[in-house]
Amino acid sequence: MQQYLFWILLLFLALGIIYPAIGLLAIICMLAPVVLAPYKGRYWCGNFCPRGSFYDNVIAKLSPHKPIPAFVRSKSFRAFMVVFIMSVFGVQMYYAWGDIGEMGRVFVRIILITTIVGIILGLIYHQRTWCSFCPMGTLASWFSAKAKPMPLQVKDSCVDCKLCTTACPLQLSPYIEKGNTQGFTHGDCLKCNRCVKKCPKKALAFQNG
Ligand code: SF4
Ligand code: SF4
1 MQQYLFWILL LFLALGIIYP AIGLLAIICM LAPVVLAPYK GRYWCGNFCP RGSFYDNVIA
61 KLSPHKPIPA FVRSKSFRAF MVVFIMSVFG VQMYYAWGDI GEMGRVFVRI ILITTIVGII
121 LGLIYHQRTW CSFCPMGTLA SWFSAKAKPM PLQVKDSCVD CKLCTTACPL QLSPYIEKGN
181 TQGFTHGDCL KCNRCVKKCP KKALAFQNG
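Mapping of the sequence shown onto this note's numbering: position 205 corresponds to residue 205, and the numbering continues sequentially without gaps.
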């Protein structure tokens, strides 16, 4: 299903420009990843987010698949982006408050601009570069890192081929936790299952999934 969800993003933006009140629906996509995070980690980002689907299924075909810059994954940059985007959002919402159309327009505008930034980064680096520092994804990753839901077990059959990292939309490396009984619990894991499917040794499996 994830491969078709990007149509929701395109429909949302097209309709949202004409009927801005539709923008209020975006609150679902903003809250869902954070609410789900303590129980499923960034499952929403990897399986239900229409923008994630757009990057995985459209931009991925055009992306050079270079390493995601370490800078954008740093804690300080991610914290800055949370504060920056939330502040911009808050100020705009303050002035739009009470007018449904204007409030919806705030969502449409912010999603349009951040999607364009994500497209540019995807065409320069990697399709999911934006998702490495998306504010809602960052909040979800903080909750996920604390709760450690759905750990990914790495069995001894792993041969360090690193194909899991190649398949991972966020270029994570589950294989580094071979031998760790707690498994791979990285807060940014999208629980997308791509590494599990890609592993030639069937060394990966989610627990509590
Ligand atoms: S793809 Fe499988 S075998 Fe290869 S490094 Fe990853 S977990 Fe290990
Ligand atoms: S580690 Fe595996 S499940 Fe987690 S985001 Fe990467 S490919 Fe998806």
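Don't be surprised by glycine CBs; every beta carbon is placed ideally from N, CA and C.
These figures come from a predicted structure and were not determined experimentally.
Worksheet item: Got a sec? Which residues, its chain only, sit under 7 Å from P135 by beta carbon, not counting five neighbours each side?
Response: M81, V82, I85 and M86
Discussion item. If distances are taken between C-alpha atoms only, which option among K201, S141, V58 and F143 comes closest to I120?
Written reply: V58
Worksheet item: With respect to the beta strand (DSSP E) encompassing L204, which residues constitute its N-terminal and C-terminal limits?
Response: L204 to F206
Item to complete: Flag A167 as yes when its Cβ comes closer than 7 Å to any non-hydrogen atom of ligand 2, and as no otherwise.
Response: yes
Worksheet item: Taking the continuous alpha helix (DSSP H) assigned at L172, which residues delimit it?
Response: Neither: L172 is in no alpha helix (DSSP H) and is coded neither H nor E.
Discussion item. Rounded to whole angstroms, what is the Cα-Cα separation between A167 and A26?
Written reply: 29 Å
Worksheet entry | Simplified DSSP state of V34, which is helix, strand or coil | helix
Worksheet item: For V108, which option in R73, V196, Q171 and F12 has the closest C-alpha, if you only look at C-alpha atoms?
Response: F12
Practice prompt. Take K191 and list the residues in its own chain whose beta-carbon comes closer than 6 Å to its own, dropping the five residues that flank it on each side.
Written response: G41, Y43, G46 and M150
Worksheet item: Near V117, what residues of its chain come up, given a Cβ to Cβ distance below 7 Å and the 5 sequence neighbours on each side ignored?
Response: W130
Practice prompt. Give a single yes or no on whether K197 has its beta carbon closer than 7 Å to a heavy atom of ligand 4.
Written response: The model on display carries ligand 1 and ligand 2 but not ligand 4.
Worksheet item: Is the number of C-beta pairs between the segment 68-75 and the segment 6-22 that are closer than 8 Å three or more?
Response: no
Practice prompt. Along the beta strand (DSSP E) that carries Q213, what are the first and last residues, could you check?
Written response: The structure shown does not extend to residue 213, since the chain is modelled only from 1 through 209, so no value can be given for it.
Practice prompt. Compare the beta carbon distance of E177 and V154 with 8 Å and say whether it is the shorter of the two.
Written response: yes
Worksheet item: Out of curiosity, what's the CA-to-CA distance linking P38 and P67?
Response: 28 Å
Fill in: D221, buried or exposed, once every other Cβ within 10 Å from all chains shown has been counted against 16
The requested residue 221 does not occur in the structure, where the chain is confined to residues 1 to 209.
Fill in: Contained alpha helix (DSSP H) runs [length at least 4] in the segment 61-143, N- to C-terminal order
70-73, 75-96 and 100-124
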